[in-house]
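Residue numbers (my numbering), protein chains in the order written: chain A, 1 to 290; chain B, 291 to 1142.
Down below is the structure, laid out as structure tokens.
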Amino acid sequence: MLDQAALPDPVATPLGFFAPFGEDVEDRVALCSAKADAIADRLDAAMAASGASVLSLDVFDTLLLRSDRSEAGRFWDMAEAASAEGLGAGPEDVLLARVQATALCYRTAEKSGLYGEAHIRDIYRQMGVLLARDDAPSVLARVEREVETANLHRNDALAELITRCAARGQRVMLLTDMYLGAEDVARLVTALCGGDLPIAALRSSADLHHSKRSGTAFSPAAEALGVATQEIFHIGDNVESDVAAARAVGCHALHFPILRAERRRRSADLERTIVALQKRGIRTDGWAKV
Amino acid sequence: MDGPKSDPAFGSSASDKAASDHHEARYLFGRDTLGPGLALYLLRLHGIIFHASETLGAKPLFVARAGIRIRRLLRLFCERTSRAYPEDGADFFTSRFMTAKGAWPHAQGACVALLEKEFSWARTGAFATALLGQERVTAAEEEKLNDSGDSVAQFLASGHKLAAAARRHLDEQAELFGEHLQRLLADGPAALLIDTGWQGTAQTLLSAAYPDTSWWGAYIGRSGFAGSDRTHWERMMGLVFEADSFDPARPETAIVLHRHVIESLFEPQGPSVERMERGADGLVHVPAAQGILADAPDRQSDPIFTGVCDHIEALTPEFGLASIEAAAQDAWRRFAHFVVYPDQDEVAMYLPVARSADFGRELDVPVLKLPDDTPDQTPDQRISEALWPAGQAAVEYPEELARPVQRRIAGIGRQTEMGILAKPKEPLGEEPAVAVITRTLDRPMFLRRALMSVHRQSFRDFVHVIVCDGGPIDDVRQAIAETPCDQSKILLVDNVVNRGMEAASNAAIAASRGRYLVIHDDDDTWEADFLADTVSYLEGPKGRVYGGVVTHTTYVSEKVEADGIHMVGQRPYQEWVERISLMEMAIGNHFAPIAFLFRRDLYDALGGYNENYPVLGDWDFNLRFLLHANIGILPRALANYHHRDVGDTLSFGNSVIADRSKHSEYDAIVRNDFVRLALQAGETSAAQLVLQGQYFGELRGRVRNAERYAYDGLNQSGGIVPPTSQLAQAGGKAQSNTAAAAGITSGLSMSDAEWLAAHSAKGALELHGFGAAGRFKKRLKDEAPNAASKALKLVLPNYASLGSGPPDFDEARYLEENPDVKMAVERGDMPSGYAHWLSSGHAEGRLRPTLV
């Protein structure tokens, strides 16, 4: 038998992109701000090792880092704000309209692989029908921008990486699976990162019916830039969409994960939101997410 | 449909007052229960009609008959809530029978399949009469056709004059149907069918017959059965529910238990649409349309529908989404209680209700049957045949007897898995719910597969601890990096040097948090719901009884080749295990670690795994676990226990295969240690149990061998039948099942046994008490062939004298098919392939190659 006492102690190490920055990292916004250069260096080195010439970034929870508010919580914030804007409906009505309209638009959307990609303008229009208010779409769009802006933060490390790539003459593309169209996403990027970020292209699944998660977004995006997928180095937070699907079509990909602590805080927010909504008689099964 | 009939509820002496009360109850049920539920449906329907029109270019088609009343309600809803009524909608007069006719030339297969199904209750003559009418098919012709025994398809393809008439009728009706449809759609790209719903048969037929149109459906419910065609279900939207069975968490799904509440509600006075015709104006007309449109229900003729209308009528623009939805939720809860647990007063509302049959059948089917009307049937028969079984139970029995029957019909109750397997909320707390422990050493190919197995779990609140037990840590890092799994959920533990499997488990568990633990070895896999279902099990009521849970397991045979891991076969593993008892565990371990999720506090109480055991550490742990807590069984095959039991088992074998001799050695050590410690702790009963386990196991093995022998004797020798012939038959059956499941051939045949007896070294046999070869031969016949195997294991050195076995044993092929044996023979560890087959190959299920 082994003499266990004489053996060296086992060493436990967490894995993932942020592991070198310590086990107790709890806030990506703060970390990416405090260690922007160090993180950009690591990403830079990984991209250089891949030999890729085009940087592709996911937008939400990658270039724009979300707050700890859950998606369900943000939808409620938007519903409250839209109701206060004089939509003539209570926040519960607006929220339920959002839930029903979203479900319907995804259900009937053109399929890209297994997935349908809905567009926010269809969701707003359907909300207008449900709320019997023709002016709903414009109010909702404005409110959505305000709530999103309040809950998003610029990722300083990736902003630095973009700047470095541009300085080297490498193009940068933003690729998002989102119900917001490219125009709306561009407004958010500009609002949070400034208008001078050198972005060569911004593509959203809402406009194109191609998505990362279905694996159909990368090749057309590469084609539009006139490069092979092997020339693309993609970074994103979703393992399936941003890593597995990207690698499956030949892109280089790096996982930029949401921290466990962040997930826990969002889960806690989701739980609080669900309790609050259920108290108001709103069913949350089937749609309320982190 | 139901009219102002005298109330027949519970005897003919019901007074006018009782009838009036039931009439009022129907009205109130419509107004206060169905009305609020359907208001939400109408709100959603209104939204979908506009959305489908705007984004899909879909024409709303209200499928008559039910569509007529749906449309009427929708108009009322729009008026009362100040919404724009979709004026572009149209009535689409059809039925499933008519739609089948319309599909005839374009999708003949689907059309005939539906007709076959719908007329499965009748014979061909009845079909011909339903299709062509009594005026064209005489009673004599119908009877003759019935006697022919032809199916609908055979009849339609035949040269019978009525078959020719039927084809002409179908061709003519299809042409008219096509024209009718074209006029409705006006070359639009899509249509939205609006109907009560369920399986979407008409939509499926139309999608097949008219593929140029994009067919969508907006239904009250979408619900199917095991054989339902779900090809187009993505485009069938159930606005109230989409479910095949009742889910108590979604009370609106109670409609599946009593669909006729909805169907009878929307069934207007008027005939079913069975045919179309060309009018004098040259246009297509639907003769039944006028009768359907004349439907004018009022409180007297149809109190339930009128009640619904009155609820909608009372709405105002101030009723927002939230209030409509809240009222609907409350109403569906009451509805579910009514449908699942009706009392006798409530079922009285539906006693006079009958549903008219379609597909040309002229009969009404009562929703509920009165016992006096069907004295030849038992209550159980009436319940199983009733359109509303729970309601029929209330007709048959007083409330306290009806309740358990109704609960069973609804599939709910304390003992059902529905209660047990309620999905847990995530996260369960600050720490992850589960720590998944994977021990790995130099096997990146397996590790990648294990990583994906864990990554694909539907339950996400876990940490996956990979413990590298002394191999190169960089290889493990690389395997993790190459696998598209969420690395932030992974904790890598470097054991630096190999400490053994159990020490690796302990180190990994010590480094992690998680209320539940499970060992997922690097070569095993799970189905996607393993964690979801096992965590739910222990989080639910069962968690108060059990400290751990084992799922059913699939044994996977595989082999490793240069290009990867290849599955060779699979079978249920230890499927005989129905419960985990301490006695059974004392005989031996009978479940795999991959199938076992357990509470960490129990692991802590036991002091973890015993690190002194290179093998069977899990058995020792399970034995000790059962002294503290019970282990439940989840009867779903969610774990896959992989074995490299074919091909190169020396290089890639798992410990059960490759370390067989070690298992045997440590069986005694683990047992002795356990007994010693138990005695020291004064737990004499536990010590006794484990000691007895060995003997029980051995005895059971002997009985099984005898059964196998009996089976072999019956099947192979043809002449040697053991004296206990009953046992032989029972054994034969058991062996047959086991062999089929395992793909295992029988054990030693009599030809092997006799050959052995003739060739065994007399001296060696005598040394071990078997006497002369003749006596040995007799003993082989009297006991079991495995006795020969066992005896010869004792004289293993004499295996050399066996050479390559009996003349019919194909030594070369055996070595070729078993490279591990070939290597052992080449190394001199085993004298021959036959000696291996004899000593263990046959017990492992390896095939005995026979020279022809």
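Even for Gly, the Cβ is constructed at its ideal location relative to N, Cα and C.
| Item | Value |
| --- | --- |
| A/Gly-73 - DSSP class collapsed to helix/strand/coil | helix |
| Top-ranked residue by Cα proximity to A/Leu-172, from A/Glu-26, A/Ala-30, A/Leu-55 and A/Ala-34 | The sequence given here has Val at residue 172 of chain A, not Leu. Checked all of A/Glu-26, A/Ala-30, A/Leu-55 and A/Ala-34; the closest Cα to A/Val-172 is A/Leu-55. |
| Interface residues of chain B facing A/Pro-8 [CB-CB closer than 8 angstroms] | Val-786 and Val-787 |
| Assigned secondary structure, B/Cys-758 (DSSP; H/G/I helix, E/B strand, else coil) | strand |
| First and last residue of the uninterrupted beta strand (DSSP E) at A/Ser-56 | 54-57 |
| Under 8 angstroms from the C-beta of A/Asp-207: neighbouring residues of chain B | Within 8 angstroms Cβ-Cβ: nothing; A/Asp-207 doesn't reach chain B, min ~15 angstroms. |
| Environment of A/Asn-238 [buried if 16+ CB atoms lie within 10 Å] | buried |
| Closest residue to B/Ala-771 among A/Ile-274, A/Glu-271, A/Val-243 and A/Trp-287 (Cα-Cα distance) | A/Val-243 |
| When B/Gln-777, B/Phe-911, B/Ala-453 and B/Glu-848 are compared against B/Ile-756, the one with the closest alpha-carbon | B/Gln-777 |
| Alpha-carbon spacing of B/Leu-916 relative to B/Leu-892, whole angstroms | 10 angstroms |
| Contact with chain A by B/Asp-776, beta-carbon distance below 8 angstroms | yes |
| Spatial distance of A/Arg-187 from A/Arg-145 (CA atoms) | 8 angstroms |
| Contact list for B/Arg-803 against chain A, beta-carbon separation under 9 angstroms | None at all; the shortest Cβ gap to chain A is about 11 angstroms. |
| Inter-stretch contact (C-beta, 8 angstroms, three-pair minimum) for the region 350-363 of chain B and the region 573-587 of chain B | yes |
| CA-to-CA distance, A/Glu-85 to B/Arg-624, given in whole angstroms | 37 angstroms |
| Expected contact under 8 angstroms - CB spacing of A/Ala-206 and A/Gly-181 to nearest Å | 5 angstroms |
| CA-to-CA distance, A/Ala-222 to B/Arg-746, given in whole angstroms | 29 angstroms |
| Contact set between the region 323-342 of chain B and chain A, restricted to residues whose Cβ is under 8 angstroms from the partner | Leu-333, Arg-334, His-336, Gly-337, Ile-338, Phe-340, His-341 and Ala-342 |
| Presumed contact (8 angstroms Cβ cut-off) between A/Leu-95 and A/Ile-282, rounded CB distance | 7 angstroms |
| Cutoff 8 angstroms: A/Thr-284 Cβ touching any chain B Cβ | no |
| Residues of its chain near B/Val-1115, where Cβ-Cβ distance is below 7 angstroms and the 5 sequence neighbours each way are ignored | Leu-1105, Ser-1122 and Gly-1123 |
| Three-state secondary structure (DSSP) of B/Val-846 | strand |
| Cβ distance (whole Å) where B/His-810 is taken to contact B/Lys-779 below 8 angstroms | Their Cβ separation, rounded to whole angstroms, is 13 angstroms, which puts B/His-810 and B/Lys-779 out of contact at 8 angstroms. |
| C-beta atoms of B/Thr-419 and B/Glu-433 nearer than 8 angstroms | no |
| Where B/Asp-485 sits in the DSSP three-state scheme | strand |
| Proximal residues, the region 72-90 of chain A versus chain B, C-beta separation under 8 angstroms | Ala-89 and Gly-90 |
| Pick from B/Leu-364, B/Asn-900, B/Asp-1098 and B/Gly-325 that is closest to B/Gln-619, judged by C-alpha positions | B/Gly-325 |
| Below-8 angstroms beta-carbon distance, B/Leu-605 vs any chain D residue | In the structure shown, chain D does not exist; the protein chains are A and B. |
| Nearest candidate by alpha-carbon position, reference A/Tyr-124, set A/Thr-176, A/Thr-229, A/Gly-169 and A/Met-78 | A/Met-78 |
| B/Ala-508 - partner residues in DSSP beta bridges | B/Ile-484 and B/Met-527 |
| Candidates B/Val-965, B/Asp-814, B/Pro-722 and B/Met-873, of which the one nearest B/Arg-890 by Cα | B/Pro-722 |
| First through last residue of the beta strand (DSSP E) which encompasses B/Asp-502 | Where B/Asp-502 is concerned, there is no enclosing beta strand (DSSP E), given that its DSSP letter is neither H nor E. |
| Validate contact between the region 382-390 of chain B and the region 336-354 of chain B using beta carbons, cut 8 angstroms, 3 pairs | yes |
| contact_flag[the region 365-375 of chain B, the region 594-610 of chain B] where n(CB pairs < 8 angstroms) is 3 or more | yes |
| Close beta carbons around A/Phe-233, own chain, < 6 angstroms, minus the five adjacent residues each side | Met-47, Ser-50, Ala-52, Leu-55 and His-252 |
| Spatial distance of B/Ala-544 from B/Ala-822 (CA atoms) | 26 angstroms |
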